[in-house]
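**Q**
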Amino acid sequence: MISIFRAKIQAFQYFCSMARRKTLKKEQYQLFDNCFNSDVQNQGNWKSFFGNENPITLELGCGKAELSYGLAQMYPDRNYLGIDLKMDRMWRPAKEAIEAGIHNIGFLCLHLLSIDEHFAAGEADEIWITFPDPFPKNRQSKHRMVNATFLDLYRKVIKPGGKIHYKTDNTELFQYSMETFVEYQDIHFHQLSFDLHEDDRISEDKKVKTTYEKQFMGMGEKIKYVSFSFDQV
Ligand SMILES: C[S@@+](CC[C@H](N)C(=O)[O-])C[C@H]1O[C@@H](n2cnc3c(N)ncnc32)[C@H](O)[C@@H]1O
Numbered sequence: 009m010i011s012i013f014r015a016k017i018q019a020f021q022y023f024c025s026m027a028r029r030k031t032l033k034k035e036q037y038q039l040f041d042n043c044f045n046s047d048v049q050n051q052g053n054w055k056s057f058f059g060n061e062n063p064i065t066l067e068l069g070c071g072k073a074e075l076s077y078g079l080a081q082m083y084p085d086r087n088y089l090g091i092d093l094k095m096d097r098m099w100r101p102a103k104e105a106i107e108a109g110i111h112n113i114g115f116l117c118l119h120l121l122s123i124d125e126h127f128a129a130g131e132a133d134e135i136w137i138t139f140p141d142p143f144p145k146n147r148q149s150k151h152r153m154v155n156a157t158f159l160d161l162y163r164k165v166i167k168p169g170g171k172i173h174y175k176t177d178n179t180e181l182f183q184y185s186m187e188t189f190v191e192y193q194d195i196h197f198h199q200l201s202f203d204l205h206e207d208d209r210i211s212e213d214k215k216v217k218t219t220y221e222k223q224f225m226g227m228g229e230k231i232k233y234v235s236f237s238f239d240q241v
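Mapped onto my numbering, the consecutive letters of the sequence shown carry residue numbers 9 to 241.
#1: Between the region 166-176 and the region 126-138, are three or more C-beta pairs nearer than 8 Å?
#2: What residues come near ligand 1, if near means a beta carbon less than 5 Å from any of its heavy atoms?
#3: Going residue by residue through the region 37-81, where are the continuous alpha helix (DSSP H) segments of at least 4 residues, counting only ones entirely within it?
#4: Closest by CA to I106, which one among Y37, V154, A129, N53?
#5: Name the DSSP beta bridge partners of C136, please?
#6: Across which residues does DSSP place D194 in a beta bridge pair?
#7: So, are the CB atoms of K82 and D213 less than 7 Å apart?
#8: Using the Cα positions of E221 and D177, report the straight-line distance between them to the nearest angstrom.
#9: At what residues does the beta strand (DSSP E) containing L89 begin and finish?
#10: Three-state secondary structure (DSSP) at I123?
#11: Look at the Cβ atom of L75, then the Cβ atom of L89, and state whether they are nearer than 7 Å.
#12: Whose C-alpha, out of L93, L200, T218, is nearest the C-alpha of I210?
#13: Are the region 31-48 and the region 115-128 in contact at 8 Å, needing three or more beta carbon pairs?
#14: Let's test the definition: count the other Cβ atoms within 10 Å of the Cβ of R163 and tell me whether it reaches 16, buried, or not, exposed.
#15: State the CB to CB distance for the pair I64 and D133, rounded to an integer number of angstroms; the pair is presumed to be in contact (CB under 8 Å).
#16: Name the two residues that bound the continuous alpha helix (DSSP H) containing K164.
#17: Does the count of Cβ pairs from the region 187-204 and the region 228-240 closer than 8 Å reach three?
#18: Comparing alpha-carbon positions, which option in R152, F58, K33, Q193 lies nearest Q183?
#19: Please go through the same chain and pick out, in chain order, the residues whose beta-carbon is closer than 7 Å to the beta-carbon of A80, but skip the five residues on each side of it.
#20: Based on the DSSP secondary-structure assignment, which residues constitute the bridge partners of Q199?
#21: Please classify F189: does DSSP put it in a helix, a strand, or coil?
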C-alpha cells in the first residue's frame with residue numbers, strides 16, 4: 009500500500025518537473041534571436057531576418073527540426089525555417105544553432121492554418137512535410153497537415169514550381185495524401201519511393217533522419233517519400 013502511494017508521489021513529482029522544464033524552454037525560446045512566434049509579423053521579410061537573398065525552405069511540423077538542422081549545415085547557401093505548434097520542441101535545435109554559429113536556420117511557432125498570414129505569396133522556395141500526425145479517424149481528417157485545406161495554403165506561399173517534399177512511415181496516410189495530391193490539376197510529381205532509405209535514385213539529402221523517422225525505422229517501417237510541385241502561373 010505504502011509503495012503504491014510512493015510510486016504515485018514519484019510520478020506526480022516527475023510530471024511537475026517535466027512541466028517546469030517545458031515552461032522554462034518556452035520562456036527561453038522567446039528570448040532566442042533565431043526564434044519567432046505568431047505575434048511577430050515578418051510576412052514578405054523573411055530574407056531580411058536571414059540577411060541574404062538565398063532561397064528559403066520551410067519544414068512544416070518540424071518537431072525537433074533534425075531535417076532543417078542537417079540541411080542547414082549541408083547547404084550554407086540556403087535558408088531553413090522550422091515551423092511547429094510547440095515551442096518546447098524547437099528549443100533544443102534553436103539553442104544548438106546559436107551555440108554552433110549556424111545562422112541560416114530559424115524557428116517559427118505557428119499553427120499552419122495561418123501560414124499564409126506569415127508568408128507572402130511565393131515567399132517560400134521549397135517545403136518539407138515530415139512525418140505529420142496521421143489522425144487516423146475520419147472525423148480527425150481536418151487536422152491532417154496534408155489535407156486539401158492545408159495544401160491550398162502551402163500552394164499560396166510556395167513559389168510556382170517550388171518543390172514540396174513529403175515523407176511518412178504511415179501507409180494509410182500516404183495513400184490518403186496521394187489521393188488528395190492528384191486532385192490538383194497543376195500538380196507535377198518529381199520522385200516517388202516506397203522505401204526511401206533503400207532507394208538509390210533518391211539523393212542523400214532527402215534521407216536526413218528526423219526523430220520520428222529514426223523511431224519508425226527502428227520498428228521496421230519503410231519510409232514513403234514523394235516530391236511534387238504546383239506549376240501554377
Ligand atoms: C509526429 S510529429 C513529427 C515531428 C517531426 N517532423 C519529425 O519527423 O520528427 C508532428 C509535429 O507536427 C506538429 N503539428 C501538428 N499539427 C500542426 C499544425 N497544425 N501546425 C503546426 N505544427 C503542427 C506537432 O506539434 C508535432 O511536432
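Where a beta carbon is used, it is the ideal one built from N, C-alpha and C, also for glycine.
Quick caveat: nothing in here was measured; it's all calculated off a predicted structure.
**A** On the basis of the data shown:
#1: yes
#2: G69, G71, D92, L93, K94, H119, L120, T138, F139, D141, T218, T219, Y220
#3: 54-58
#4: Y37
#5: According to the sequence as given, residue 136 is Trp; it is not Cys. Note: W136 sits in a beta bridge opposite E67, H173.
#6: D194 pairs with nothing; no bridge assigned.
#7: The sequence as given places Met at residue 82; Lys does not occur at that position. In contact: M82 and D213 (Cβ atoms closer than 7 Å).
#8: Approximately 7 Å, taken between the alpha carbons.
#9: Per DSSP, the unbroken beta strand (DSSP E) holding L89 starts and ends at 87-92.
#10: Of the three classes helix, strand and coil, the one that applies to I123 here is helix, per DSSP.
#11: No.
#12: L200
#13: yes
#14: buried
#15: 5 Å
#16: 156-165
#17: Contact between the region 187-204 and the region 228-240 is established, with three or more Cβ pairs separated by less than 8 Å.
#18: R152
#19: Y88, I110, N112, I113
#20: Looking at the DSSP assignment, Q199 forms a beta bridge with S235.
#21: helix
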